[in-house]
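Visitor: If you read the sequence shown in the UniProt record's numbering, its first letter stands for residue 1, the second for the next number, and so on. This is the structure, below, for whatever I ask next.
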Amino acid sequence: MRQLIPVTIIFSLLHASPASAQSGGHLYADFEIDIEFNELDGLSLGSEAEHNRLVEQEMEFEFDFEYWVNDKFNLFFTGALIDEKETIKSADMKNTRTGLEFRELGVAFLFGDIIDSEINLGRVEHESISQWWSWWDDELDIISLQLWFGDFETFLAMAEEQAPESTDEDFIDPELDDVQRLIFSMSWEIMDGQFLNFYYLKHDDKSPNYRVGDLEDIEKIDEEDADLIWKGISYVAGIEHHVIGEIDLELHYSEISGRSAIYEFEDSSSGIVEVSEREDEHINGTASGYLLRWTPREMDEFSLIIAGVNGSGDSDLGDRHNKSYRQTGLQGDLESYGELYQPEISNLKVNMFGLQWRIAENMSFALMHFDYRQDKLSDEIRDATIEVDPSGASRDLGKELDLVYSIEYEETLELFFTYAKFKPGSAYAEYRQDSIDYIGIDFAYKF
């Protein structure tokens, strides 16, 4: 598959030139400027004062082109010139990233008289039906077939990373290299505004396995080889009632199964590490979640939200049978579960309640509270923002309060101000810092 996508895209581009001359194709373009600034004070919870304050700055200019050769065939390209800087203030450590990022690139063909269908080939972004339970919100190099028939929508795709994500990178991310994915999703509108979504994701890691004693470039290490399967079902509904108002409801359930090999590394020489340990395990985990948003009929400027999610944990770490759930790795931003802590749903329970207030037509204010607890006692947490592990003596990870003020104007201007405070629970009692503060500003202008 590594050669199939670029060859087909080149062939399609060459074919488009004479076709467009006959049909007079149409080009559509959008441009967007995005500026972000984030600062987090408490990255290490005070355990390392010189590594405690993180500042992130990002500027990007995104351009989106879509060329319709005719009413069935189109070419698309979305890219962004990016300039990102990440600084740990006290340690004066800086990490910069600049270049051209390739977000979407490929061809699409619409066909079908009885069943509307679309074939996509290239780097394509696809989003899950829910923002609270995002099993996929990412760009993938895919060959996909999408079908629409009555109340059913079906999506089938094969995916494998074909090239680095930006010109700033010299090689494909080792965690993605030689990883093949088979994706199936079907949505059924069972009633007006009410959907059932079934999905299946098979993840096969074809990269070579390490052996203990192997040497590897530190920038190219792959800490895990895994063959995994996710299966899930979601119910998403938007219901309007003439008495109680508007209700948005989501119910989700997912399972993961498979096997993985996890590697440990030790420094060997400058830039080179040695594989010191390999641990094989079988994986079987489950996760579930819900979200309820109520907008009263008589006070429709306010919305009350309650939500929860539970990813299973493992109580026996020595039996090589891991019952912890993990997300697909395709979920994009994890801000649904907190702007600051941003955990992955693995051995984790999150309860959230909040209030949204639409101050004016284009302005809104949101106040969200999150409570984080482990499902099983563990001295590890998967992919949280802070860089220290819990003690394993308590399930109480902490609580977070998010304040978000947003201005959105006619889909051309977006401005978000975010403040978040995380108060560590007793699982982090050994660390000095008793709270973490986060501020973020995000400005986007589309023209």
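Note that the Cβ used here is the ideal one computed from N, Cα and C, for glycine as well. Quick caveat: nothing in here was measured; it's all calculated off a predicted structure.
With a 10 Å radius around its C-beta and 16 neighbouring C-beta atoms as the bar for buried, classify residue 78 as buried or exposed.
Guide: Your numbering for residue 78 matches position 78 in the sequence shown. Buried, since its Cβ has 16 or more Cβ neighbours within 10 Å.
Visitor: Just the Cα atoms here: how many angstroms apart are residue 102 and residue 211?
Guide: The residue labelled residue 102 in the question sits at position 102 within the sequence shown. The residue labelled residue 211 in the question sits at position 211 within the sequence shown. If I take the Cα positions, the gap works out to 34 angstroms.
Visitor: Taking the runs of the beta strand (DSSP E) that are 3 residues or longer, which of them lie wholly in the region 284 to 369?
Guide: Entirely contained in the region 284 to 369, the beta strand (DSSP E) runs reaching 3 residues are, in chain order, 302 to 311, 348 to 360.
Visitor: Is the Cβ-Cβ distance between residue 275 and residue 289 less than 8 angstroms?
Guide: Translated into positions along the sequence shown, residue 275 becomes position 275. Translated into positions along the sequence shown, residue 289 becomes position 289. In this structure, residue 289 does not lie closer than 8 angstroms to residue 275 by Cβ.
Visitor: When DSSP labels each residue in this structure, what does residue 431 get in the three-state scheme?
Guide: Indexing the sequence shown from 1 puts residue 431 at position 431. Here residue 431 sits in coil by DSSP.
Visitor: Quick one: give me the first and last residue of the beta strand (DSSP E) that residue 420 is part of.
Guide: Sequence index remark: in the sequence shown, residue 420 carries index 420 (1-based). Where residue 420 is concerned, the enclosing beta strand (DSSP E) stretches over 413 to 424.
Visitor: With a threshold of 7 angstroms, establish whether the CB of residue 194 neighbours any heavy atom of the ligand NAP.
Guide: As for the ligand NAP, it is missing from this structure, which has no ligand bound.
Visitor: Less than 8 angstroms between the beta carbons of residue 218 and residue 271, yes or no?
Guide: The residue you call residue 218 lines up with position 218 of the sequence shown. The residue you call residue 271 lines up with position 271 of the sequence shown. Yes. Within cutoff.
Visitor: If you compare alpha carbons, which of 66, 238, 81, 326 is closest to residue 313?
Guide: Position 313 of the sequence shown, counting from 1, holds the residue named residue 313. Ranking the options by Cα distance to residue 313, first place goes to 326.
Visitor: Using the Cα positions of residue 18 and residue 119, report the straight-line distance between them to the nearest angstrom.
Guide: Stepping through the sequence shown from its first residue, residue 18 is reached at position 18. Stepping through the sequence shown from its first residue, residue 119 is reached at position 119. Confidence at residue 18 is low in this model, with a pLDDT of 48, below 50, so the placement of that residue is unreliable and no value is reported for it.
Visitor: Report the rounded CA-to-CA distance for residue 417 versus residue 50, giving the unit in angstroms.
Guide: Here residue 417 corresponds to residue number 417 of the sequence shown, with the count starting at 1. Here residue 50 corresponds to residue number 50 of the sequence shown, with the count starting at 1. Their Cα atoms are separated by approximately 27 angstroms.
Visitor: Check residue 380 in the structure and name its three-state DSSP category.
Guide: As a first step, residue 380 must be located in the sequence shown, where it is residue number 380. Here residue 380 sits in coil by DSSP.
Visitor: Can you tell me the Cα-Cα spacing of residue 394 and residue 377, whole angstroms?
Guide: Counting from one through the sequence shown, the residue named residue 394 turns up at place 394. Counting from one through the sequence shown, the residue named residue 377 turns up at place 377. Straight-line Cα distance between these residues: approximately 6 angstroms.
Visitor: Where DSSP assigns a beta bridge to residue 91, which residues make up the other side?
Guide: Taking the first residue of the sequence shown as 1, we reach residue 91 at position 91. According to DSSP, residue 91 bridges with nothing at all.
Visitor: For residue 107, is the classification buried or exposed, using 16 other Cβ atoms within 10 angstroms of its Cβ as the cut-off for buried?
Guide: Residue mapping note: residue 107 aligns to position 107 of the sequence shown, counting from 1. So residue 107 counts as buried.
Visitor: Using three-state DSSP, classify residue 169 as helix, strand or coil.
Guide: On the sequence shown, position 169 is the one that residue 169 refers to. In the structure shown, residue 169 sits in coil (DSSP, three-state: anything other than H, G, I, E or B).
Visitor: How big is the Cα-Cα spacing for residue 200 and residue 346?
Guide: As a first step, residue 200 is located in the sequence shown; it is residue number 200 there, counting from the start. As a first step, residue 346 is located in the sequence shown; it is residue number 346 there, counting from the start. Using only the alpha carbons, I get a separation of about 19 angstroms.
Visitor: DSSP three-state label for residue 49, please.
Guide: In the sequence shown, the residue the question calls residue 49 occupies position 49. Residue state, collapsed to three classes: helix.
Visitor: Out of 444, 262, 241, which one is the CA nearest neighbour of residue 280?
Guide: As a working mapping, residue 280 is identified with position 280 in the sequence shown. For residue 280, the nearest C-alpha among the options comes from 262.
Visitor: Where do the ends of the beta strand (DSSP E) carrying residue 237 lie?
Guide: Sequence index remark: in the sequence shown, residue 237 carries index 237 (1-based). Per DSSP, residue 237 belongs to the beta strand (DSSP E) from 224 to 241.
Visitor: Would you say the region 123 to 141 touches the region 79 to 86, given that touching needs at least three Cβ pairs under 8 angstroms?
Guide: The region 123 to 141 vs the region 79 to 86: no contact.
Visitor: Nearest CA to the CA of residue 181: which residue from 352, 162, 54?
Guide: Reading the sequence shown from its first residue, position 181 is the one you call residue 181. Selected option, being the one with the closest Cα: 162.
Visitor: Let me make sure I understand the geometry here. Which of 433, 438, 413 has the alpha-carbon closest to that of residue 32?
Guide: Along the sequence shown, read from residue 1 onward, the residue named residue 32 stands at position 32. Comparing Cα positions, the closest option is 413.
Visitor: Beta carbon of residue 132, beta carbon of residue 250: below 8 angstroms?
Guide: Working through the sequence shown from its first residue, we reach residue 132 at position 132. Working through the sequence shown from its first residue, we reach residue 250 at position 250. Against a cut-off of 8 angstroms, the Cβ pair of residue 250 and residue 132 comes out as a contact.
Visitor: Counting only the same chain and skipping the five closest in sequence on each side, list residues whose C-beta sits under 6 angstroms from that of residue 436.
Guide: By one-based count along the sequence shown, residue 436 stands at place 436. Contacts found: 42, 422.
Visitor: Looking at the structure shown, is residue 85 part of a helix, part of a strand, or coil, going by DSSP?
Guide: Taking the first residue of the sequence shown as 1, we reach residue 85 at position 85. Three-state DSSP puts residue 85 in a strand.
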